[in-house]
Amino acid sequence: MLKPIETAVARISMVLGGVVLLAMMLQVVIDVFMRAFLGAGFPATADLVGKYYMVAVSVLPLAMTELKRRHIEATVFTEKLTGWPLRAVLLLGLTVFGAVLAVLLWGSAVEAVSKTARRVYVEAGTMRFPTWPSYWILPVSFGLALLVNVIRLIELFTGRFAGTQHDPLEELESLKENA
Numbered sequence: 297m298l299k300p301i302e303t304a305v306a307r308i309s310m311v312l313g314g315v316v317l318l319a320m321m322l323q324v325v326i327d328v329f330m331r332a333f334l335g336a337g338f339p340a341t342a343d344l345v346g347k348y349y350m351v352a353v354s355v356l357p358l359a360m361t362e363l364k365r366r367h368i369e370a371t372v373f374t375e376k377l378t379g380w381p382l383r384a385v386l387l388l389g390l391t392v393f394g395a396v397l398a399v400l401l402w403g404s405a406v407e408a409v410s411k412t413a414r415r416v417y418v419e420a421g422t423m424r425f426p427t428w429p430s431y432w433i434l435p436v437s438f439g440l441a442l443l444v445n446v447i448r449l450i451e452l453f454t455g456r457f458a459g460t461q462h463d464p465l466e467e468l469e470s471l472k473e474n475a
């Protein structure tokens with residue numbers, strides 16, 4: 297039931313992240329080429345990279361990292377836990393993480409609505425470069441991450457969330473063996 301939602305979140309995150317990285321790469325390469333050979337580059341490249349691309353590259357992967365369980369976990373105190381004590385610790389962690397994501401989602405959405413209403417822009421040479429759409433990157437990213445967090449909570453309550461540790465070294469070894 298929840299797997300299609302996870303797949304959709306993963307695809308949205310990967311497609312958006314890939315498009316942003318590709319666009320940033322092309323923009324910067326073309327800008328450098330134009331500056332070197334034509335004497336002038338795209339106007340507002342620095343603003344576009346700083347206000348759009350870097351923000352997206354920084355926060356869009358939040359949902360993917362939670363889907364793949366790649367967040368930093370301090371398991372030194374919980375590695376021997378099993379049963380209900382482990383579930384209680386997982387519940388506490390997921391609840392706190394969800395509350396933080398909800399606050400970040402709310403605050404960034406309020407800011408995005410405010411900036412959109414004012415049609416915020418920056419002056420880039422002789423043009424006005426709109427920056428208000430970039431404020432929506434944060435609420436989208438936090439919303440996707442919160443959706444994944446809610447899925448994890450549902451899985452925890454229904455007994456489908458294993459809560460086992462993720463060992464990247466074991467995963468790396470299995471990749472080497474399969475290659």
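With our numbering applied, the sequence shown corresponds to residues 297 to 475, in that order. Ideal Cβ positions, reconstructed from N, Cα and C, are used throughout, including at glycine.
DSSP bridge partner residues for A395 (one or two, in chain order):
According to DSSP, which records beta bridges pairwise, A395 is partnered with nothing at all.
Between V355 and L443, what straight-line distance do the alpha-carbon atoms span, to the nearest angstrom?
15 Å
Where does P426 fall in DSSP's three states?
strand
Which parts of the segment 305-370 are runs of the beta strand (DSSP E), unbroken and 3 residues or longer, counting only runs that do not cross its ends?
none
What number of angstroms, rounded off, separates the C-alpha of G403 from the C-alpha of M350?
20 Å
By the DSSP assignment, the alpha helix (DSSP H) with V444 in it spans what residues?
433-454
Check this for me: beta carbons of L440 and V305, under 8 Å apart or not?
L440 is a Cβ neighbour of V305, given a cutoff of 8 Å.
Taking 8 Å as the threshold (C-beta atoms), are L358 and E451 in contact?
no
Strand pairing of R419, partner residues [DSSP]
Before going on, a small fix: residue 419 reads as Glu here, not Arg. As a beta-bridge residue in DSSP terms, E419 pairs with R424.
Drop a sphere of 10 angstroms on the beta-carbon of F438, count the other beta-carbons inside from all chains shown, and report buried for 16 or more, exposed for fewer.
buried
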